[in-house]
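Enquirer: Here the protein sequences come in this chain order: A, B, C and D. Per my numbering, the first sequence starts with residue 128, numbered consecutively. Per my numbering, the second sequence starts with residue 128, numbered consecutively. Per my numbering, the third sequence starts with residue 128, numbered consecutively. Per my numbering, the fourth sequence starts with residue 128, numbered consecutively.
4 protein chains.
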Amino acid sequence: MRYGLVGGAAGSFIAGVHKTAIDMISAADLVAGCFSRDHEKNKAAAAGFNVAPDRVYPSFSEMAEREATRDDGINFVVITTPNNTHYAACRAFLENGIDVSCDKPLCLTVDEALELARLARDKGLLFMVTYVYTGYPLVRQARELVESGQLGDIRVVMAEYPQSWLADKAEDSGNIQAMWRTDPEQSGVSCCVGDIGTHIENMVHFVTGLEIEKISATLTSFVEGRLLDDSAMITVKYKGGAIGHYWPCQVAVGRENGLSLRVFGTEASIEWQQENPNVLKFARKGHPPVILTRGGPSLGEAAARWTRLPSGHPEGLFAAWANIYEAFCNSIKNKIHNRAFDEFYLYPTAMDGARGVKFVHDCVKSSRADSAWVDGTPPVL
Amino acid sequence: MRYGLVGGAAGSFIAGVHKTAIDMISAADLVAGCFSRDHEKNKAAAAGFNVAPDRVYPSFSEMAEREATRDDGINFVVITTPNNTHYAACRAFLENGIDVSCDKPLCLTVDEALELARLARDKGLLFMVTYVYTGYPLVRQARELVESGQLGDIRVVMAEYPQSWLADKAEDSGNIQAMWRTDPEQSGVSCCVGDIGTHIENMVHFVTGLEIEKISATLTSFVEGRLLDDSAMITVKYKGGAIGHYWPCQVAVGRENGLSLRVFGTEASIEWQQENPNVLKFARKGHPPVILTRGGPSLGEAAARWTRLPSGHPEGLFAAWANIYEAFCNSIKNKIHNRAFDEFYLYPTAMDGARGVKFVHDCVKSSRADSAWVDGTPPVL
Amino acid sequence: MRYGLVGGAAGSFIAGVHKTAIDMISAADLVAGCFSRDHEKNKAAAAGFNVAPDRVYPSFSEMAEREATRDDGINFVVITTPNNTHYAACRAFLENGIDVSCDKPLCLTVDEALELARLARDKGLLFMVTYVYTGYPLVRQARELVESGQLGDIRVVMAEYPQSWLADKAEDSGNIQAMWRTDPEQSGVSCCVGDIGTHIENMVHFVTGLEIEKISATLTSFVEGRLLDDSAMITVKYKGGAIGHYWPCQVAVGRENGLSLRVFGTEASIEWQQENPNVLKFARKGHPPVILTRGGPSLGEAAARWTRLPSGHPEGLFAAWANIYEAFCNSIKNKIHNRAFDEFYLYPTAMDGARGVKFVHDCVKSSRADSAWVDGTPPVL
Amino acid sequence: MRYGLVGGAAGSFIAGVHKTAIDMISAADLVAGCFSRDHEKNKAAAAGFNVAPDRVYPSFSEMAEREATRDDGINFVVITTPNNTHYAACRAFLENGIDVSCDKPLCLTVDEALELARLARDKGLLFMVTYVYTGYPLVRQARELVESGQLGDIRVVMAEYPQSWLADKAEDSGNIQAMWRTDPEQSGVSCCVGDIGTHIENMVHFVTGLEIEKISATLTSFVEGRLLDDSAMITVKYKGGAIGHYWPCQVAVGRENGLSLRVFGTEASIEWQQENPNVLKFARKGHPPVILTRGGPSLGEAAARWTRLPSGHPEGLFAAWANIYEAFCNSIKNKIHNRAFDEFYLYPTAMDGARGVKFVHDCVKSSRADSAWVDGTPPVL
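Here's what the structure looks like:
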C-alpha cells in the first residue's frame with residue numbers, strides 16, 4: 128500500500144513515529160505529502176522522507192484531489208498537524224475517497240467530529256484516530272478481563288496522566304510543541320485535557336466500556352500567563368453507578384509520561400502503567416495479586432494476537448503504534464470497519480475521536496460552571 | 128510512667144498496637160483499664176494485660192475519677208473505643224487532669240472536638256490524636272523538604288488510601304470492626320471518610336502545611352444496604368491556589384492499606400507509599416529522581432531523629448507508633464505541648480483531631496449538596 | 128521473666144535492638160548486666176538500662192555465677208559482644224544453668240561451637256543464635272512452600288547480601304563496628320563471610336532444608352590494608368544435586384542491607400528481599416507469578432502464626448526480632464527445645480550456630496586452596 | 128540498500144526480528160534468501176517475505192556467489208541459522224565480498240571465529256555479531272558512566288540471565304528452538320553458556336571494558352537426559368583485581384528473559400535489567416541512588432544518540448535491534464569499521480563474537496576440570 132502525510136516538517140516529532148510504526152510492519156510506503164505550508168520546509172521534508180518532488184503538495188486540498196486521481200494514488204493519509212487543521216484536512220481526504228488516520232484530539236468541536244464520522248460512514252471510508260495506547264497488548268488483555276466478567280461490576284476507575292514538560296513556560300522559549308498546544312487558536316478550548324485528558328478518556332472507555340453520564344471538572348492554569356489549562360481534576364459518574372477520577376497534568380515535576388489505569392470491580396481489580404507496559408497487575412478478591420506479563424502465561428486471545436516478541440523481551444510504544452496501524456491497514460485491505468469489542472479490538476475510530484472532543488468540551492463547560500456536574504454522555508452519530 | 132486503657136477487650140485490634148508501641152520504647156506500664164462495658168470481657172482483658180483487679184473499672188468515668196486520686200494513678204489514658212464514645216471518655220479524663228491519647232477520628236462533631244481541645248488547653252493537658260502515619264521518618268523528611276522550600280510552591284497534591292476490607296458486606300458476617308464503622312450511631316456521619324479519609328487529610332496537612340479553602344466531595348456506598356460511605360472522591364482547593372485530590376476507598380479489591388501521598392511543586396515533587404515506608408522518591412526539576420531511604424544519605428534532622436535502625440533494616444508501622452508515643456510521653460515528662468513545624472514534628476494534637484472532624488463534615492455536606500464546593504477551612508479554637 | 132545482658136555499652140547498636148524486641152512482646156525485664164569491661168562504661172550503661180547497681184557485674188563469669196544463685200536470678204542471658212568473647216561467655220552461663228541467646232557468628236571454631244551445643248544439650252538448656260532474618264513471616268512462608276513440595280525438587284539457589292558500609296577503610300576512622308569486625312583477633316578468620324555470609328547460609332538452610340556437600344569460595348579484601356575479607360563469591364553443591372551461589376559483600380556501593388533469596392525448583396520458584404520483607408514472589412511453572420503479602424491471602428499457618436499486624440501495615444525488622452524472641456521465651460517458659468520443621472519454625476539454635484561457624488571455615492579453606500572444592504557438610508553433634 | 132537472509136523459514140523466530148528492526152529504520156530491503164534447505168519451505172518463506180523467486184537460493188554458497196555478481200546484489204547478509212552453520216555461511220559471503228550480520232554465538236570454535244574475523248579484516252568487510260542488548264540506550268549510558276570514571280575502580284560485577292523455557296525437556300516435545308540448542312551437533316559444546324552466557328559476557332565487556340583473566344565454571348544439566356548444560360555458575364577474575372559472577376540459567380522457573388547487570392566500583396554502582404530497560408539505577412557513594420531514565424535528565428551523548436522516543440515513552444527490544452542495525456548499516460554506507468569506546472559505541476563485531484566463543488570453551492574446560500581456574504583471556508587476532 129501507499130500513504131501520504133500531512134504535517135511532519137522539521138520540528139514535528141509524531142510524524143516520524145507514525146512512519147516508523149508503518150515501516151516496522153511493512154504495511155505501506157510513504158509516497159506523497161504536504162509536510163509544511165512553508166515551501167522550503169515542505170521540500171526539505173520531502174527529501175528527508177524520499178518522497179518524489181511531483182508528489183509534494185503546497186496544500187492538503189490539492190494533495191487530496193490530485194492523489195485521488197492517480198492510479199498509484201495513496202491508499203490512506205496520515206494527518207499529524209496541530210488540532211485546528213484536522214477537520215479541514217480530514218474532510219478534504221474523505222471527500223476525495225481516501226481513508227484517514229488522524230492524530231488526537233480529532234478536531235475542535237463536536238459538530239466537526241460528527242461531520243467527519245458521518246462523512247466516513249456515508250462514503251464507506253475507514254477513519255482511525257490514533258489513540259495509540261490502546262495498542263498495547265496488556266491494555267487489550269485488561270479489556271478482555273473486564274469483558275469476560277472477571278472484574279465483576281466495576282465500581283471505581285482511577286486514571287491519570289502526569290507529565291512535567293509544561294511545568295515552566297516552555298511556549299515562551301521556542302518549544303514548538305508547547306507553542307501550539309497552549310495557543311487557543313491552534314489547540315482549541317483546552318491544552319491539557321485535550322492533549323492527554325483525551326487519552327485517559329479513551330483508555331478508560333476502551334478497557335471498561337463504561338459510558339460517562341456526568342462530569343465535574345476543575346481545570347487549572349498553573350503557569351502564569353498561560354492561556355489554557357495545564358492540569359485538571361475530573362470526576363466522572365458512569366451509567367450504572369460506577370465513579371471515576373481522571374487526572375491529566377502537564378506540570379507534574381518529576382513525571383514523564385505517566386498514563387496509568389486502575390479499575391476496581393466487585394470481584395477483581397487491574398492496574399496498568401504505560402511506562403512499564405509489559406506487566407499488568409490483576410488481583411481477584413481473596414487471592415494474592417498476580418503479575419500478568421506480555422507473552423506470559425494466562426493471557427487471552429487479544430493479547431496474544433497483538434504480541435510480537437516472546438515474554439521478557441520488552442515491547443515498547445513503537446509496537447503499540449504498529450498494532451493500531453496493522454489493524455487499520457488490514458482493515459483497509461479488507462475494507463473492514465472497526466467494531467466494538469470484537470475482532471480482538473481493532474483500532475480507534477472517528478467515533479472515539481468524537482467522544483474525546485465532547486469530553487474536552489464537557490470538562491471545560493463544567494469547569495467554567497464552578498465544577499458543576501454537566502452532562503457527559505457520548506455523542507451520537 | 129503509667130497509663131490506662133479504655134477499650135481493648137477481645138476483638139479489638141488497635142489497643143494491642145498502642146500497647147506494643149509503648150512497650151517497645153519502655154515508656155509506660157499499663158496499670159488500669161476499662162476494657163469493656165461487659166463485666167466478663169472486662170475482667171478477661173485485664174487478665175490478659177496483667178492489670179490488677181482493683182484497677183479494672185466498670186466505666187471510664189469511674190476510672191478517670193479514681194485514677195486521678197491515686198498517688199500511683201495513671202499519667203495518661205489511651206482511648207481506643209468506637210468514635211461515638213471518644214468525646215465523653217476524653218472529657219472525663221481531661222476533667223480529672225489526665226493527659227489523653229485518643230484514636231481518630233477524634234469525635235462526632237466539630238463542637239465536641241473544639242470543646243476537648245479547649246479543655247486540654249485550659250487545663251494545660253496534653254492531647255494526642257493518633258494519626259500514626261505521621262510518625263514515619265520519611266514522612267517527616269517529606270515535611271522537611273517542603274518546609275525547606277525545595278519543592279517550590281506546591282501546585283498539586285494527589286493522595287489516596289485504598290483498602291478492600293469492606294468490598295463485601297462484612298458488617299453482616301460478624302466482623303466487629305466493620306459493624307461499628309458502618310453504623311451511623313457509633314461511627315458518625317461517615318464510615319470511609321471518617322476512618323481513612325481523615326488519615327489522608329492529616330497526612331497532607333502534616334507534610335505540606337497547606338490549608339484547605341474549599342471542598343467538593345462525592346461519597347458513595349457501593350455495597351448494597353450499607354448505611355454509610357465506603358468510597359469517596361474529594362477535590363480540595365487550598366489557600367494560595369494549589370489543588371488536591373483525595374481518594375479514600377474501602378472497596379478497592381486487591382489493595383490492602385494503600386495510603387500514599389504525592390506532592391508536586393514548582394521545583395520538585397515527592398512520592399511516598401505507606402506500604403513500603405522506608406523509601407521516598409524525590410524528583411527535582413531537570414534532574415533524575417532520587418530514592419531517599421530511611422537511614423540513608425541526604426536526609427534531614429527530623430528523619431534522623433526518629434529513625435531507630437540503620438538503613439536497609441526496615442522499620443514498619445510499630446516504629447511509627449513508637450515515634451508518636453515517644454514524642455507524646457517525652458512531652459508529658461517535660462510538659463511540652465506540641466508546636467507546629469518545630470522540635471522535629473512531635474505528635475498530632477487535639478487540633479489535628481478537630482480539623483479532621485470538620486473535614487469529615489465538610490465532605491458529607493458537599494456530597495449531600497450534589498458535590499458543590501463548600502467551605503473547607505480548618506476550625507479555630 | 129528476667130534476663131541479663133553481656134555487652135551493650137555505648138557504641139553498641141545491636142544490644143538495644145535485642146532489648147526493644149524483648150520489650151515489644153513484654154517477654155522479660157532486663158535486670159542484670161555486664162555491659163563493658165570498662166567500669167565507668169559499665170555503670171553508665173546500667174543506668175541507661177535502669178539496671179540496679181548490685182546487678183552490674185565486672186565480668187560475665189561473676190555475673191553468671193551470682194545470678195545463678197539468686198532467687199530472682201535471670202532466666203536467660205543475651206550476649207552481644209564481639210565474636211571472640213562469645214564462646215567463653217556462653218559457656219559461663221550454660222555451666223551455671225542459664226539459657227543463652229547469643230549473636231552470630233556463634234564463636235571462632237567449630238569445636239567451640241559444638242562444645243557449646245553439647246553443653247546446652249547435656250544440661251537441658253535452651254540456646255538461641257540470633258539469626259534474626261528467619262523471624263520474618265514471609266521467610267517462614269517460603270519455608271512452608273518448600274516443605275509442602277510446591278517448589279518440586281530444588282535446582283538452583285541464588286542468595287546474596289550486599290552492603291556498602293566497608294567500601295572505605297572505616298576501621299581507620301573510629302567506626303567501632305568496623306574496627307572489631309576487620310580485626311582477626313576479635314572477628315576470627317573472616318569478616319564478611321562471618322558477619323553476613325553466615326546469614327545467607329542460615330537463611331538458605333532454614334528455607335530449603337538443603338544440606339551443603341561441597342563449597343568453592345573466593346574471598347577478597349578489596350580495601351587496601353584490610354586484614355580480612357570484605358566480599359566473597361561462594362558456590363555450593365548441595366546433597367541431591369542442587370547448586371547455589373552466595374554473594375556476601377560489604378563494599379557494594381549503593382546497597383544497604385540487601386539480603387535476598389531466590390530458590391528455583393522444578394515446579395515453582397520464590398523470591399524474597401529483606402529490605403521489603405512484606406512481599407514474597409511465588410511463581411509456579413506455567414502460571415503468572417503471584418505476590419504473596421504478609422497478612423494477605425493464600426498464606427500458610429507459619430506466616431499467620433508470626434504476623435502481628437494486618438496486611439498492608441508493614442512489619443519491619445523489630446517484628447522479626449520479636450518473633451524469634453517470642454519463640455525463645457515461650458520455649459523457656461515451657462522448656463521446649465527447638466525442633467526442625469515443626470511448631471511453625473521456632474528459633475535458630477546452637478546447631479545453626481555451629482553450622483554457620485563451619486561454613487565460615489570451609490569458605491576460608493577453599494579460598495586459601497585457590498577456590499578448590501572442599502567438604503562443606505554440616506557438623507554433627 | 129539491499130540485504131539477503133540465510134535462515135528464517137517457518138518456525139524461526141529471530142529472522143523476523145532482524146527484519147522488523149531493519150524495516151523500522153528503512154535501512155535496507157530484503158531481496159534475496161536461502162531460508163531453508165527444504166525446497167518447499169524455502170519457497171514458502173520467500174513468498175512470505177516478498178522475495179522474488181529468482182533470488183531464492185538452494186544453498187548459501189550459491190546465494191553468496193550469485194548475489195556477488197549481480198549489479199543489484201545484496202549489500203549485506205543476515206545469518207540466523209543454528210550455530211553449526213554460521214562459520215561456513217559467514218565464510219561464503221565474506222569470500223564473495225559481502226558484509227555480514229550473524230547471530231551469536233558466532234561459531235563453534237575459536238579458530239573458526241578468528242578465521243572469520245581475519246577474513247573480514249583482510250577483505251575490508253564489515254561483520255556484526257548481533258549481541259543486541261548492547262543496543263539499549265541505557266546500556267550505552269552505563270558504559271559511558273564507567274568510561275568517564277564515575278564508578279571509580281570496578282571491584283565486583285554481578286550479572287545473570289535467568290530464563291525458564293528449558294525447565295522441562297522441551298526438546299522432546301517438538302520445540303524446534305529447544306531441539307537444536309540442546310543438540311551438541313548443532314549447538315556446539317554448550318547450550319546455556321553458548322546461548323545466553325555469551326550475552327552476559329558481551330554485556331559485561333561492553334559496559335565495563337574489563338578483560339577476563341581466569342574463569343572457574345560449573346555447568347549443570349538439570350533436566351534428565353539433556354545432552355548439554357542448562358544452567359551454569361561462572362566466577363571470573365578480571366585483569367586488575369575485580370571479580371565477577373555470571374549466572375546464565377534456562378531452568379529458572381518463573382523467570383522470562385532476565386538479563387541483568389550490576390557493577391560496583393569504588394565510587395559508585397549501576398544496576399540495569401533488560402526486562403525494564405528504560406531505567407538505570409546509579410548510586411554514588413554517600414548519595415542516595417538516582418533513577419536515570421531513557422530520554423530523561425543527566426544522560427550522556429551515547430544514550431541521547433541512540434534514543435528514538437522522548438522519556439516516558441518506552442522503547443523495547445525492537446529499538447535496541449534497530450540501534451545496532453542503524454550503526455551497522457551506516458557503517459556499511461560509509462565503510463567505517465567499529466572501533467571500541469568511540470563513535471557512541473557502534474555495533475558488536477567479529478572479535479566480540481570470537482571472544483564469546485572462547486568464553487564458552489573456557490567455561491566448558493573449567494567445568495570439566497572440576498571447576499578449576501582456567502585461562503580466560505580474550506583471543507587475539
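The beta-carbon is built from N, C-alpha and C at its ideal position, and this holds for glycine as well.
My guess is that A395 (chain C) and V380 (chain D) are in contact by the Cβ rule of under 8 Å, so how many angstroms apart are they, rounded?
Expert: Indeed, because the Cβ distance is near 6 Å, the residues count as touching under 8 Å.
Enquirer: Quick check: is the beta carbon of S498 (chain D) nearer than 8 Å to any beta carbon in chain B?
Expert: No, S498 (chain D) lies away from the interface with chain B (no Cβ there is under 8 Å from its Cβ).
Enquirer: So if I threshold CB-CB distances at 7 Å, which residues from the region 404-431 of chain A count as touching chain C?
Expert: Per Cβ criterion, the list reads G413, H414, P415, P416, V417, I418, L419, T420, G423, P424, S425.
Enquirer: What does the alpha-carbon distance come out to for the pair E222 (chain C) and A219 (chain B)?
Expert: Taking the straight line joining both Cα atoms gives about 55 Å.
Enquirer: Quick one: what's got a C-beta closer than 7 Å to V331 (chain B)'s C-beta in the same chain, skipping five residues either side?
Expert: So the list reads V284, A286, L337, G371, L388, once near-sequence residues are dropped.
Enquirer: So P506 (chain D) and L241 (chain D) are in contact, right, with Cβ under 8 Å, and what is the actual spacing, rounded?
Expert: Confirmed, about 6 Å.
Enquirer: Measure the alpha-carbon distance for N202 (chain B) versus K462 (chain B) and round it to whole angstroms.
Expert: Rounded to whole angstroms, N202 (chain B) to K462 (chain B) spans 12 Å at the Cα level.
Enquirer: On the DSSP letters alone, give me the boundaries of the alpha helix (DSSP H) that Q268 (chain D) sits inside.
Expert: Residues 264-274.
Enquirer: Which partner residues of R389 (chain C) appear in the DSSP bridge assignment?
Expert: R389 (chain C) pairs with C:M285, C:E398.
Enquirer: Which residues share a DSSP beta bridge with Y130 (chain B)?
Expert: The partner list for Y130 (chain B) (beta bridge, DSSP) reads B:L157, B:F203.
Enquirer: Can you tell which of D:E383, D:P209, D:L272 has its C-alpha closest to the C-alpha of W292 (chain D)?
Expert: Of D:E383, D:P209, D:L272, the residue nearest in Cα terms is D:E383.
Enquirer: Strictly below 7 Å CB to CB, what residues from chain E border H332 (chain C)?
Expert: The chain labelled as chain E is not found among the protein chains of the depicted structure, namely A, B, C and D.
Enquirer: Taking 6 Å as the limit between beta carbons, can you name the residues of its chain near E398 (chain C), skipping five residues before and five after?
Expert: R389, K408, listed in sequence order.
Enquirer: Alpha carbon to alpha carbon, how far is S438 (chain C) from A447 (chain C)?
Expert: Distance between the alpha carbons of S438 (chain C) and A447 (chain C): 15 Å.
Enquirer: Could you give the residue range of the beta strand (DSSP E) that holds P375 (chain C)?
Expert: Counting along the chain, the beta strand (DSSP E) containing P375 (chain C) begins and ends at 370-376.
Enquirer: Is the shortest distance between the beta-carbon of H440 (chain A) and the beta-carbons of chain D less than 8 Å?
Expert: Yes, contact with chain D.
Enquirer: Let me see if you follow: with CB-CB separation under 8 Å, is F445 (chain B) close to chain C or not?
Expert: With 8 Å as the cut-off, F445 (chain B) counts as an interface residue toward chain C.
Enquirer: Closer than 8 Å, CB to CB, is N384 (chain B) near chain C or not?
Expert: Yes, N384 (chain B) lies at the interface with chain C (some Cβ there is under 8 Å from its Cβ).
Enquirer: Count the other CB atoms within 10 Å of the CB of S343 (chain C); is the residue buried (16 or more) or exposed (fewer)?
Expert: It is buried - the Cβ of S343 (chain C) has at least 16 other Cβ atoms within 10 Å.
Enquirer: With a 10 Å radius around its C-beta and 16 neighbouring C-beta atoms as the bar for buried, classify K485 (chain B) as buried or exposed.
Expert: With 16 or more Cβ atoms within 10 Å of its Cβ, K485 (chain B) is classed as buried.
Enquirer: For M478 (chain D), which residues does DSSP report across the bridge?
Expert: Paired residues: none, contrary to the question.
Enquirer: Whose CA, out of C:L444, C:I459, C:R432, lies closest to the CA of G77 (chain C)?
Expert: Since the first residue shown for chain C is 128 and the last is 508, residue 77 (chain C) is missing from the structure and cannot be characterised.
Enquirer: What does G392 (chain D) reach in chain C if we use C-beta pairs closer than 9 Å?
Expert: Ordered by position in chain C, the residues that pass the 9 Å Cβ test against G392 (chain D) are V380.
Enquirer: Would N177 (chain C) be called buried (16 or more neighbouring beta carbons within 10 Å of its own) or exposed?
Expert: The residue in question, N177 (chain C), is exposed, as its Cβ has fewer than 16 Cβ neighbours within 10 Å.
Enquirer: Look up V256 (chain D) in the DSSP assignment and say whether it is helix, strand or coil.
Expert: Residue state, collapsed to three classes: strand.
Enquirer: What is the rounded straight-line gap between the Cα of P424 (chain C) and the Cα of F349 (chain B)?
Expert: The straight-line gap from Cα to Cα measures roughly 23 Å.
Enquirer: Would you identify the three-state DSSP class for I342 (chain C), choosing helix, strand or coil?
Expert: Correct three-state label for I342 (chain C): strand.
Enquirer: Can you find a CB in chain A that lies within less than 8 Å of the CB of M151 (chain D)?
Expert: Output row for M151 (chain D): interface = yes.
Enquirer: Along chain C, which residues have their Cβ under 9 Å away from the Cβ of V283 (chain D)?
Expert: Those are P289, T347, F349, S358, M360, W374, C376, V378, A379, listed as they occur along chain C.
Enquirer: Using the three-state DSSP reduction, which class does I149 (chain D) fall into: helix, strand or coil?
Expert: Looking at I149 (chain D) - three-state DSSP - the assignment turns out to be helix.
Enquirer: Starting from Y365 (chain A), trace the beta strand (DSSP E) both ways and give me its first and last residue.
Expert: Taken as a continuous stretch (DSSP letters only), the beta strand (DSSP E) holding Y365 (chain A) covers 358-365.
Enquirer: Name the chain C residues that come within less than 8 Å of I370 (chain D), Cβ to Cβ?
Expert: The answer, in chain order, is T345, T347, S358, M360.
Enquirer: Considering only their Cβ atoms, is the gap separating P232 (chain A) from V487 (chain A) smaller than 8 Å?
Expert: In contact: V487 (chain A) and P232 (chain A) (Cβ atoms closer than 8 Å).
Enquirer: Comparing the C-beta of E402 (chain A) with each C-beta of chain D, is any distance below 8 Å?
Expert: Yes, contact with chain D.
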